[in-house]
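Asker: Mind looking over this structure? Questions follow.
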Amino acid sequence: MLKRILKQWDIQLMVLPGLVLVFIFSYLPMYGIVTAFQDYNLFKGISGSPWVGLKHFEAFFNAPEFATVMRNTIVISLLKLCIAFPAPILLALMLNEIKNMVFKRFVQTVSYLPHFLSWVIVAGFAGSLLSTDNGSINMLLEKLNLIDEPINFLALKDYFWSILITTGIWKEIGFSSIVYLAAISGIDPHLYEAASMDGASRIKQMFLITLPSIMPVVIIFMILAIGNLLNAGFEEILLLGVNPALREVSDVIDTYVYRVGLKNYRYSYAAAVGLFKAIISVGLLTIANAIARRSGNSLW
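Numbering (my numbering), first residue to last: 6 to 305.
And the structure:
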């Protein structure tokens, strides 16, 4: 191993800046985890703050908002996993079937662009579309005689999860499909020619060749998605769910940590909730990886 590293020292050297950045920004801040077990005092610092054991974890589990926060986090994450995760795979499969290269490039460019917009712009765009005052969606529904008066979509709890998932898919579907398109481009074209000579239709080729060929990539991304199951989102939920009337369906772990832990200067409490989420995420990642290993595809 050492001989191999020394032999490739020039290539290994290129990895060094990335490792240094990961160490500085990902590993060094982990020292702050200990504040979850302290009553952290800003002036006394970590070394001078008193230890309180699991006090902040118990406070979170006994908090009146605990059930609501966990329900919202899990439901939103599962909706993203079931709806948003397969969306780029479907788009990649559909783009692969387009033979007109000009149209294909146009669709790809249009679908990639939203990824480069910040959530502030996307939330503003959604607000304009769904506004009760000349909002395009309300105007369209009124023209079609589907509603009698404008609906305030962004103030009603019934529509929040749908709006959140839809805007998330619109923003990331194109960029996320790049990986799957790259995987599809690596499939041996002789497989399609052989299937075509055997009389397989394009649909059958998709299910019998394309999907099985990209399945290792899909499984790897599925493992990562399950590991991030409790990361329901922060920026998009904070911006789209800014109305306090939506808190019952929009408050997730990340927004709860920001609202209760950081805005109220309860740093130890925020660290405890964040650590709880991290431990659950590591557990989910390990279980998903163990299950995926049976199919021969896993992260480790």
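Glycine included, every Cβ here is placed at the ideal spot set by N, Cα and C.
For my contact list, Phe65 and Phe239 are in at a C-beta cut-off of 8 Å; report their separation, rounded to the angstrom.
Answerer: About 17 Å separates the beta carbons of Phe65 and Phe239, which is beyond the 8 Å limit, so they are not a contact pair.
Asker: Can you look up Trp166 in the DSSP assignment and give me helix, strand or coil?
Answerer: If DSSP states are grouped into helix, strand and coil, Trp166 belongs with the helices.
Asker: Within the continuous alpha helix (DSSP H) that includes His120, where are the two ends?
Answerer: Per DSSP, His120 belongs to no alpha helix (DSSP H) and is neither H nor E.
Asker: How about Thr40 and Ser273: do their beta carbons lie closer than 9 Å?
Answerer: Going by C-beta atoms, Thr40 is nearer than 9 Å to Ser273.
Asker: Go ahead and pull the three-state DSSP assignment for Trp175.
Answerer: helix
Asker: Taking the C-alpha atoms as reference points, what is the distance between Ala283 and Gly232?
Answerer: 9 Å
Asker: Could you check the C-alpha separation between Ile178 and Ala97 for me, to the nearest Å?
Answerer: 9 Å
Asker: To the nearest angstrom, report how far apart Ile174 and Ser303 are at their CA atoms.
Answerer: One C-alpha to the other measures close to 26 Å.
Asker: Since Ala295 and Ile224 are thought to touch, with beta carbons under 8 Å apart, how far apart are those beta carbons, to the nearest angstrom?
Answerer: Not quite, the Cβ-Cβ distance comes to about 13 Å (not below 8 Å), so this is no contact.
Asker: Kindly indicate which three-state DSSP category Trp305 falls into: helix, strand or coil?
Answerer: coil
Asker: Out of Ile258, Lys176 and Ile214, state which residue places its alpha-carbon closest to the alpha-carbon of Leu122.
Answerer: Lys176
Asker: From the DSSP output, which residues share a beta bridge with Gln43?
Answerer: Trp56
Asker: Specify, as a first and last residue, the run of the alpha helix (DSSP H) that Ala293 falls within.
Answerer: Counting along the chain, Ala293 sits inside the alpha helix (DSSP H) bounded by residues Tyr272 to Arg298.
Asker: May I have the straight-line CA-CA distance separating Ile126 from Ser136, to the nearest angstrom?
Answerer: 15 Å
Asker: Name the residue from Ile81, Leu47, Trp56 and Asp15 whose alpha carbon lies nearest to the alpha carbon of Ile170.
Answerer: Ile81
Asker: Under 9 Å between the Cβ atoms of Val184 and Val222?
Answerer: yes
Asker: Might you give, ordered along the chain, the residues of its own chain that have their beta carbon closer than 8 Å to the beta carbon of Met75, omitting 5 neighbours on each side?
Answerer: For Met75, same chain residues with a beta-carbon under 8 Å away, outside a window of 5 residues either side, are Ile258 in chain order.
Asker: At a cut-off of 8 Å, is Pro155 close to the ligand ATP when judged by its beta-carbon and the heavy atoms of the ligand?
Answerer: With respect to the ligand ATP, the structure shown offers nothing to examine, as it has no ligands at all.
Asker: Quick check: what's the CA-CA separation for Val112 versus Ser190?
Answerer: 17 Å
Asker: Is the beta carbon of Met227 sitting closer than 9 Å to the one on Phe90?
Answerer: yes
Asker: Does the pairing of the segment 143 to 161 with the segment 242 to 254 give three or more beta-carbon distances under 8 Å?
Answerer: yes
Asker: For the alpha helix (DSSP H) containing Thr260, list its first residue and its last residue.
Answerer: Ile258 to Tyr261
Asker: Would DSSP call Lys209 helix, strand or coil?
Answerer: helix
Asker: Looking at Asn101: is its Cβ nearer than 9 Å to the Cβ of Thr172?
Answerer: no
Asker: What's the gap between the Cα of Ser141 and the Cα of Ala131?
Answerer: 10 Å
Asker: At which residues does the alpha helix (DSSP H) containing Val254 begin and terminate?
Answerer: Arg252 to Ser255
Asker: Does DSSP classify Ile103 as helix, strand or coil?
Answerer: coil
Asker: I need the straight-line Cα distance from Lys104 to Asp203, nearest angstrom please.
Answerer: 21 Å
Asker: Going along the chain, which residues of its own chain have a beta-carbon closer than 7 Å to the beta-carbon of Ile192, five neighbours each way excluded?
Answerer: Ile214, Thr215 and Ser218
Asker: My understanding is that Ser255 touches Phe180, with C-beta atoms under 8 Å, so please give their C-beta distance in whole angstroms.
Answerer: Wrong, their Cβ atoms sit about 25 Å apart, outside the cutoff.
Asker: Can you tell me where the alpha helix (DSSP H) with Pro221 in it begins and where it stops?
Answerer: Looking at the DSSP string, the run of the alpha helix (DSSP H) that includes Pro221 is Leu216 to Gly232.
Asker: What whole-angstrom Cβ distance do Val57 and Gln43 have, given they're in contact under 8 Å?
Answerer: 6 Å
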